[in-house]
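What follows is one structure encoded as structure tokens, with my remarks underneath.
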């Protein structure tokens, strides 16, 4: 006759076996891309109980480095790779396209900024909202950390870089406030009427106000038509020869009709629409 202790041991052993039996696929990189990949991972895991997709948003540069060092199965990037990051062993797959939206507090009456105004704001030449048609309030300018794909794409598009010793480096005002994620940008801007920042268009919600850029609102339709110009790719990276079957299957799911439908629903441009 089985004792209660024996039964409990058997249950715990079974649970431990089930956890160990699950295959784990590690996905790391861009915090912008992770926002939608977490949803894709949850849907995939619901249909594939034997696989656990572990998603970590740590920045595009970190995701690219992780793949080169084979520290993760799949990397995520919200920017194209630099020349010194390109490796013949690394394969890249574009899974979606996203816009970068300039965002301000909902109580800020400013609704549009030009390229010249944005450049001057991030260079520190414009520092009061009354210089762009707003109230007499000092600006609190927010940017992302150096490893961010959003920052790389934003600065590259806006011309906020300079060449030093053959390297492209940031040329923004060193006094801007730097934060680590889209969520932190959104939280800070939503609570501060002085603030302006930029973030993934797919992450914008009604807690902040997205500005038109050069007269064009940052909508999915304007992004898809090419009218809204501040855009960038969402990419997955991996080493084909090192890719385990479960990781390969997840990538195939992301680029399938089902995966792309989720990307559409989340406010991004799916690659099958291109």
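In this note's numbering, the protein residues as written are 233 to 506.
Heads up, the beta-carbon is just placed ideally off N, CA and C, and yes, glycines get one too.
Note that this is a predicted model, so its numbers are computed, not measured.
Residue 436: first and last residue of the uninterrupted alpha helix (DSSP H) it sits in: No alpha helix (DSSP H) holds residue 436; DSSP gives it neither H nor E.
Among 259, 265, 269, which residue has its Cα nearest to the Cα of residue 286? 259
Taking the DSSP output, what are the residues bridged to residue 465? 329
Measuring CB atoms only, is the stretch 397–416 touching the stretch 446–453, in the sense that at least three cross pairs come out at less than 8 Å? The stretch 397–416 and the stretch 446–453 do not touch, with fewer than 3 CB-CB distances between them shorter than 8 Å.
Using the C-alpha atoms, what's the distance from residue 275 back to residue 311? 25 Å
Can you give me the Cβ contacts of residue 425 inside the same chain, cut-off strictly under 7 Å, excluding the 5 residues immediately before and after it? 337, 339, 340, 369, listed in sequence order.
Run through the stretch 278–329 for me and flag every whole alpha helix (DSSP H) of 4 or more residues, listed as ranges in chain order. Those alpha helix (DSSP H) runs which fall completely within the stretch 278–329 and span 4+ residues are 292–300.
When 393, 257, 264, 382 are compared against residue 277, the one with the closest alpha-carbon: Checked all of 393, 257, 264, 382; the closest Cα to residue 277 is 257.
Please name the residue, chosen from 491, 487, 498, 471, that lies closest to residue 302 on a Cα-to-Cα basis. 471
Could you spell out the range, first to last residue, of the alpha helix (DSSP H) harbouring residue 455? 452–457
Is the beta carbon of residue 299 closer than 7 Å to that of residue 307? yes
Kindly indicate which three-state DSSP category residue 351 falls into: helix, strand or coil? The answer is helix: DSSP assigns residue 351 an H, G or I state.
The alpha helix (DSSP H) enclosing residue 420, as first and last residue numbers: 414–423
Own chain residues within Cβ distance below 8 Å of residue 485, not counting five before or after: 272, 276, 491
Do you know how far the Cα of residue 360 is from the Cα of residue 343? 15 Å
Going by C-alpha to C-alpha distance, which of 315, 304, 444 sits closest to residue 399? 315
Determine the direct distance from the alpha carbon of residue 481 to that of residue 461, and round the result to whole angstroms. 33 Å
State the DSSP-derived secondary structure class of residue 258, mapped to helix, strand or coil. Here residue 258 sits in strand by DSSP.
Based on DSSP bridge pairs, tell me the residues matched to residue 428. 336, 373
Please report the straight-line C-alpha distance between residue 467 and residue 380, rounded to a whole angstrom. 14 Å
Have a look at the DSSP bridge pairing and note the partners of residue 501. 329
How big is the Cα-Cα spacing for residue 334 and residue 270? About 24 Å.
Spatial neighbours of residue 442 within its chain, please: C-beta separation below 8 Å, excluding the five flanking residues on both sides. 333, 334, 335, 433, 436, 449, 450
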